Amino acid sequence: MSRARRSSPANGVPSGRPLPSARALALEAMAAGALEVVFQRGVRPDLEQLVGWEFRGINTPRWARLLGVKKFIKGFFRESGRGDDGELYGYNCPVVQNRLDEPWIAKPDDAAPKRFGFFHVGAVDPTARDNEYLHAALLDYGRGGNATWDPSRGLRDYLIQVDADDRDLYLGKAYYAIGPARVATSFFVLERYRPGPAQPR
102 MSRARRSSPA
112 NGVPSGRPLP
122 SARALALEAM
132 AAGALEVVFQ
142 RGVRPDLEQL
152 VGWEFRGINT
162 PRWARLLGVK
172 KFIKGFFRES
182 GRGDDGELYG
192 YNCPVVQNRL
202 DEPWIAKPDD
212 AAPKRFGFFH
222 VGAVDPTARD
232 NEYLHAALLD
242 YGRGGNATWD
252 PSRGLRDYLI
262 QVDADDRDLY
272 LGKAYYAIGP
282 ARVATSFFVL
292 ERYRPGPAQP
302 R
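Take a look at the structure:
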């Protein structure tokens, strides 16, 4: 599988792309066992490279298409008023479930999408309950400020950068918290898409 380095602007700022790359689509087609190998070999993301961007998301299981969640958007932002520099959070947007070779169109309106399923973003604490992958970032929906009755509060996502020289492509592994237990649910692919709002909530 090719690992050719992406081209970036001269100032080093990452740039999004309108449709998934061949590398992203190859990951989407891989079996869970192969994705686990990729995940184990990944590197910890530079969280500053996530801030202010929305990422095109693909859930890899076949059942995701049946449930209408194959395609999604995930965004990252620093929330003002939380710490000296603002803590890092993220959100999800529902997307029209067209083909993977067609544009990602947020719902209900791409210019004013619904944003839900907020999560806190940080390093994995080896002493905490959610410490499955120490080389990953942790997206903790239980700390995202979601309503008590919101089922997304149980989600815990681990996120790695697939290749050390590619800041645009990431692989996630989702778990669901049921009391102290953690149940692995699926892998997902994220690829840099477009700038997001500074303060989405």
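Under the numbering used here, the letters of the sequence shown match residues 102 to 302, in that order. Built from N, CA and C at the ideal position, the CB exists for glycine as well. Quick caveat, the model's predicted, so the values are computed rather than measured.
request  = From the DSSP output, in three-state form, read off Pro214 for me.
outcome  = coil
ask   = Taking 7 Å as the cut-off, does the CB of Ala125 come closer than this to any heavy atom belonging to the ligand ATP?
value = Looking for the ligand ATP in the displayed structure turns up nothing, as the structure carries no ligands at all.
task = Could you check the C-alpha separation between Leu272 and Arg216 for me, to the nearest Å?
result = 21 Å
inquiry  = Taking the beta carbon of Ala111 as the centre, do at least 16 other beta carbons fall within 10 Å, making it buried, or is it exposed?
reply    = Low confidence applies here, because Ala111 scores a pLDDT of 33, under 50, leaving its location unreliable; read the following figure in that light. By the neighbour-count rule (16 or more Cβ atoms within 10 Å), Ala111 is not buried but exposed.
request  = Under 6 Å Cβ to Cβ from Phe288, same chain only, skipping five residues before and after it: list those, please.
outcome  = For Phe288, where only same-chain residues beyond five positions count, the Cβ hits under 6 Å are Leu136, Thr161, Lys274.
Residues sharing a beta bridge with Ala132, DSSP = BP columns for Ala132 are empty, so no partner.
query = What is the residue span of the alpha helix (DSSP H) that Leu167 lies within?
reply = Segment 164-167, the alpha helix (DSSP H) holding Leu167.
message = Residues in the same chain with beta-carbon distance under 8 Å from Pro281, minus the five sequence neighbours each way, listed in chain order, please.
response = Arg230
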